[in-house]
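J.:
If you want it as structure tokens, here you go:
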């Protein structure tokens, strides 16, 4: 860890530096002395978060995964696979471990015995949607992490603001930058405002109750669309 900290800035239990190499990233990733919970690398930017997951982060994360399942239940012909928190690497240039990872369609990564336990761009295609649960990391998630996922050309990026109960949703443009979207492109037809209303229900309800409420809203929407 000493090499990593030489030129690093520290905030609480997170560390970052902007002059790191891929070898620095590998040293932290594989170190038995660094109990990292989140790690990211993007062309010299290396960020390590060692904070343990708290109840709020866990509750919102589980709700977002449940939202994926609710949408999938109502669209059984669409192939979806969730790989939340899985380490993703584009060797030498980028690495990340998004809280939310969603694949849609064909060629979904499948781990084979003997392979490293991570998704690599040398063997797999990258996700269609990634997201971060921003409990204590909102500024990083809307800045450096956003740049990272745009560089990887992830089609859709979500940032869930735990304290504000907001969802910042971005779609990748043809020029390779993220622009705000009001309707999900990957989960076709899902209004971002409706997801935010679901998040707001966590003020007084459990995450399972909030997911059930969303299910009812989407079922009503599907019923109206079919009339």
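Residue numbers (our numbering): 2 to 228. Ideal Cβ positions, reconstructed from N, Cα and C, are used throughout, including at glycine. In this text, all values refer to a predicted model and were calculated from it rather than measured experimentally.
(1) To the nearest angstrom, how far is the alpha carbon of residue 169 from that of residue 44?
(2) Go ahead and label residue 110 buried or exposed: buried means 16 or more other beta carbons lie within 10 angstroms of its beta carbon, across all protein chains shown.
(3) According to DSSP, is residue 44 part of a helix, a strand, or is it coil?
(4) From which residue to which residue does the beta strand (DSSP E) around residue 54 run?
(5) So residue 158 and residue 128 are in contact, right, with Cβ under 8 Å, and what is the actual spacing, rounded?
(6) Is residue 181 closer than 8 Å to residue 132 when the C-beta atoms are compared?
(7) Residue 135: buried (16+ other C-beta within 10 angstroms of its C-beta) or exposed?
(8) Answer yes or no: do residue 48 and residue 141 have a C-beta to C-beta separation smaller than 8 Å?
(9) Can you list, in chain order, the residues of its chain whose CB lies under 8 Å from that of residue 2, leaving out five sequence neighbours each side?
(10) Can you list, in chain order, the residues of its chain with a C-beta nearer than 8 Å to that of residue 1? Leave out the 5 residues immediately preceding and following it.
(11) Kindly indicate which three-state DSSP category residue 26 falls into: helix, strand or coil?
(12) Which residue or residues does DSSP assign as beta-bridge partners of residue 164?
(13) Between 38, 50, 27, which has its C-alpha nearest residue 17's C-alpha?
(14) Just the C-alpha distance for residue 4 and residue 82, rounded to the nearest angstrom, thanks.
(15) Helix, strand or coil: which one does DSSP assign to residue 131?
(16) Under 8 Å, do residue 151 and residue 172 count as touching if we go by C-beta distance?
(17) Of the choices 60, 76, 139, whose alpha-carbon is the least far from that of residue 190?
(18) According to DSSP, is residue 112 helix, strand or coil?
(19) Comparing alpha-carbon positions, which option in 39, 62, 112, 66 lies nearest residue 1?
(20) May I have the straight-line CA-CA distance separating residue 54 from residue 119, to the nearest angstrom?
(21) Please go through the stretch 58-95 and give each complete beta strand (DSSP E) segment of 3 or more residues, from N-terminal end onward.
T.: From the atom records:
(1) 24 Å
(2) buried
(3) coil
(4) Residue 54 -> no beta strand (DSSP E), and no H or E assigned at all.
(5) With a Cβ gap of about 10 Å, residue 158 and residue 128 do not count as contacting.
(6) no
(7) buried
(8) yes
(9) Note on residue 2: pLDDT 46, under 50, position unreliable in the model; the coordinate value appears next. Around residue 2: 29, 32, 34, 35.
(10) Because the chain spans 2 through 228 in this model, residue 1 falls outside it and cannot be assessed.
(11) helix
(12) Answer is none; residue 164 lacks a bridge partner.
(13) 50
(14) The predicted position of residue 4 is uncertain, since its pLDDT is 49 and thus under 50; a value taken from the coordinates is nonetheless stated next. Using only the alpha carbons, I get a separation of about 37 Å.
(15) strand
(16) no
(17) 76
(18) coil
(19) Only positions 2 to 228 of the chain appear in this structure, which leaves residue 1 out of reach.
(20) 21 Å
(21) 81-83, 89-91
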